[in-house]
Amino acid sequence: MMNRRLRAWRRYPAAKIPLAGALWAACLLGGLAWLDHAVRADVLFLVPPFAATLSILYYLPQQPVAQPAPVVFGSTLGATIGTLFHLVGVHGPAWAALAAIVLFWLLPRIGLYHPPGIALSMFPLLLHPGLWFPVTVVLPFTLIAVSSHWVLSRRWPGWPKYPREE
Numbered sequence: 001m002m003n004r005r006l007r008a009w010r011r012y013p014a015a016k017i018p019l020a021g022a023l024w025a026a027c028l029l030g031g032l033a034w035l036d037h038a039v040r041a042d043v044l045f046l047v048p049p050f051a052a053t054l055s056i057l058y059y060l061p062q063q064p065v066a067q068p069a070p071v072v073f074g075s076t077l078g079a080t081i082g083t084l085f086h087l088v089g090v091h092g093p094a095w096a097a098l099a100a101i102v103l104f105w106l107l108p109r110i111g112l113y114h115p116p117g118i119a120l121s122m123f124p125l126l127l128h129p130g131l132w133f134p135v136t137v138v139l140p141f142t143l144i145a146v147s148s149h150w151v152l153s154r155r156w157p158g159w160p161k162y163p164r165e166e
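FYI, in UniProt numbering the residues of the sequence shown are 1 to 166.
Listed below in structure tokens is the structure:
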């Protein structure tokens, strides 16, 4: 009985990440870290959900959560909802949780479910990255991540195929 339960909790199969995949993620995340250091504005560029987005793109490229529309629009919508909450004058953990719940409900219903998009809805309410965060940070990052992954999947031998072809 216990063995059957434990087998249901199996870990994700070990994957070999080629050096190219690690370099791709390092370039994108490193670029954001450099922007955080170089710009010194009221804008945060390197946010944790972006690392999650890159891992989803690389390791789960054929899954619905990794397709271009959910990545770009689900993430941008999540950050926008959080920013709108903040504009109304609310902030803090309770409001961040409410924003996440709204996105948890909304994104799958409109076909844009991307888990980092839910996390991005909380970000403006907890860290106040600025009014234009969805447009100046989230949208460009997701477009660059998706387009670079798409190009590499066509040009780099062994790169995971992306996006899913139906």
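Backbone N, C-alpha and C fix where the C-beta goes; we use that ideal spot for every residue, glycine too.
- Residues of the same chain with a CB within less than 7 Å of the CB of G117, apart from the 5 flanking positions on each side, are G74, S75, L77, G78, L103, L107 in chain order.
- When the beta-carbon positions are compared, I56 and A69 stay at least 9 Å from each other.
- Within the same chain, T76, A79, T80, T83 come within 7 Å of P134 by CB-CB distance, once the 5 residues on both sides are set aside.
- Here L19 is exposed. Its C-beta has fewer than 16 other C-beta atoms within 10 Å.
- When the Cα atoms are used, Y59 and T53 turn out to be separated by approximately 10 Å.
- Boundaries cannot be given for Y113, as no alpha helix (DSSP H) includes it and DSSP labels it neither H nor E.
- In the three-state scheme derived from DSSP, where H, G and I count as helix and E and B as strand, F45 is classed as coil.
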